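These protein sequence lines map, in sequence, to chains A and B.
If you want my numbering, it's the position in the first sequence, counting the first as 1, plus 756.
If you want my numbering, it's the position in the second sequence, counting the first as 1, plus 8.
Remarks on the structure that follows.
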Amino acid sequence: MSKKEAFQQELDTKHDKYERLVKLSRDITIESKRTIFLLHRVTSVPDVEEVLAESEDKLDGVKLKIKLIALELIGEDLYQYHRAFTPGIQEYVEAVSFQHFIKERSLISLEQINKDLIFIEDKKNEEPEGLSSDSQDEKDKPVCFQVTPTDYLLGVADLTGELMRLCISSVGNGDIDTPFELSQFLRQVYDGFSYIGNTGPYEVSKKLYTLKQSLGKVEDACYALKVRGSEIPKHMLADVFSTRAALVESDEGIS
Amino acid sequence: MSVNEMFSGIQGFLSADQDVREDIRKVVQGLEQTAREILTVLQSVHQASGFKDNEPLMRVFVLSLSLSLSLSRFHEHWRFVLQRLAFLAAFVVYLESETLVTREEVTQILGIEVNREKGFHLDIEDYLSGVLTMASELSRLAVNSVTAGDYSRPLRISNFINELDSGFRLLNLKNDPLRKRYDGLKYDVKKIEEVVYDLSIRGLAREPGSGGEE
């Protein structure tokens, strides 16, 4: 009888923990998505810094959630619960790398992401429910969360979709340089992914196909810009005039 | 007892098969890695900075398999990588000389045989598949070379792909994977035709007979 109860308790504890992680993951996904939407506004607002600062605040909120995950996982096997929180983490990677790209125009590294997820404790925080007892001696260590390379890859793959959208919307705003910059960057990412090819997990190869499509769209946009540069609507001529002049010159040189 | 013996005989046969499969898998894995490395080098052709022809692109590949086996039984295992390698060989040859690679050239580059009797060979389907993959890659290249400001390359690609298309029309294809790949070719043709159209209507193309210049 008592044995049966012990089993029951153990199972319930595990299920509860799993459910809590799923919930956290969902919160992280939602917040990250909102951050991404916010960041998409950089093409249309004059003050980029303001948007970046706001996204920073939002991401700090997400980091706190990830810290809760890290606390849940103290003394546990990461992969045992991996499936519960992987969607959220991927979305977080996507948001963080998107923000990083807008700031630095480069790809954030896995090390950088992991470094941002080390939480130094300044005060002993309350122990969440259902934590296993052996976490007691680990409490003094800094809490940290390690993004797995697979989650990183999948997040970056999603990032390329966002960059494609950024590219298209910046075309709409008459920004001529960004699409070319983006196509170059996306090509590099695509080359990287095709280097991994099908050695990675199944999801990675699946996303490779989407990535190829995104890259195709960006390349088509660049092509249209180059070829139809002379057909840009009048009201945009002012801000693209310098680019267009260069374009016409080079056209004349060839024909 | 005799039933038991029979089954243990078959078991021996099957596990020998299993071993061969394992060996093939290892070789194929290595080949896939090499193919990816070559592709990564070749991808730089799409960048505006262009393609620097300084790499010894094709190394010699030999599938070191025991040829005593009837090999086509295991064809499934290397079909993908062989098609990929045929594509790479075709792409490299096109970039170097703008001609279509022959089946013999591919086998030479890869260090394998054309005829099945002589040893490890390149199937005609695999060769054609590789060529079709190259066609898609070229349609992408046509778009990108316009972006990079090279307006003559798309015209050359257009001629090449059109020839390729009419060549494929001569084949009687069954409803098989190759046929599906071939069906994709018309989209590549369409895309390149659009590029050529865009260029000629704006007088960017210098093609004899496309008299639409301003």
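C-beta atoms are modelled at their ideal positions from N, C-alpha and C, and glycine is treated no differently.
Only a predicted model underlies this, so the values are computations on that prediction, with no experimental measurement involved.
- Residue-level contact by beta carbon holds for Gln940 (chain A) and chain B, with a gap shorter than 9 angstroms.
- Among the residues facing chain B, Phe936 (chain A) is included, as its CB has a counterpart in that chain under 9 angstroms away.
- A distance below 7 angstroms between beta-carbons, with the five flanking residues on each side excluded, links Glu959 (chain A) to the following residues of its chain, in chain order: Leu910.
- If you check each beta-carbon in the segment 949 to 965 of chain A against every beta-carbon of chain B, the ones closer than 7 angstroms belong to Ser950, Tyr951 and Gly953.
- The segment 66 to 143 of chain B contains no complete beta strand (DSSP E) run of 3 or more residues.
- Neighbours of Asp947 (chain A) in chain B, taken as residues at a C-beta separation under 7 angstroms, are given in chain order as Thr48 and Gln51.
- Within 10 angstroms of the beta-carbon of Arg92 (chain B) lie 16 or more other beta-carbons, which makes it buried.
- Taking the C-beta atoms as reference points, Arg782 (chain A) is found no nearer than 9 angstroms to Glu828 (chain A).
- Contact with chain B is found for Arg984 (chain A), since one of that chain's Cβ atoms lies less than 9 angstroms from the residue's Cβ.
- The secondary-structure analysis by DSSP pairs Ile874 (chain A) across a beta bridge with A:Cys900.
- By the criterion of at least three beta-carbon pairs nearer than 8 angstroms, the segment 811 to 821 of chain A is in contact with the segment 846 to 864 of chain A.
- Taking a Cβ-Cβ threshold of 7 angstroms, the residues of chain B close to Cys978 (chain A) are Thr155, in chain order.
- Contact between Val89 (chain B) and Ala97 (chain B) is absent: CB atoms are separated by about 12 angstroms, not below the 8 angstroms threshold.
- About 14 angstroms separates the CB atoms of Arg161 (chain B) and Val983 (chain A); that is not less than 8 angstroms, and the two are not in contact.
- Think of a sphere of 9 angstroms around the beta carbon of Glu975 (chain A): the chain B residues whose beta carbon falls inside it are His54, Arg148, Val151, Asn152 and Thr155, in chain order.
- Judged by DSSP in its simplified three-state form, Ala156 (chain B) adopts coil rather than helix or strand.
- With respect to Ile874 (chain A), Tyr908 (chain A) sits apart: the two C-beta atoms are not nearer than 9 angstroms.
- By the criterion of at least three beta-carbon pairs nearer than 8 angstroms, the segment 126 to 133 of chain B is not in contact with the segment 26 to 46 of chain B.
- Of all C-beta pairs linking the segment 936 to 946 of chain A to the segment 966 to 974 of chain A, three or more are shorter than 8 angstroms, placing the two stretches in contact.
- Looking at B:Ala24, B:Gln51 and B:Leu207, the one whose alpha-carbon comes closest to that of Tyr951 (chain A) is B:Gln51.
- In this structure, the straight-line span from the alpha carbon of Asp158 (chain B) to that of Asp931 (chain A) is close to 22 angstroms.
- For the C-beta of Arg943 (chain A), the chain B residues within less than 8 angstroms are, from N- to C-terminus, Gln51, His54 and Gln55.
- Only residues of its own chain outside the window of five on either side were considered, and among them Ser961 have a CB closer than 6 angstroms to the CB of Asn954 (chain A), listed in chain order.
- In this structure, Arg861 (chain A) keeps its C-beta atom at 9 angstroms or more from the C-beta atom of Phe936 (chain A).
- In the DSSP annotation of this structure, the continuous segment of the alpha helix (DSSP H) that includes Gly20 (chain B) starts and ends at Ser10 to Gln51.
- Bounds of the alpha helix (DSSP H) holding Ser925 (chain A) are Pro905 to Gly928.
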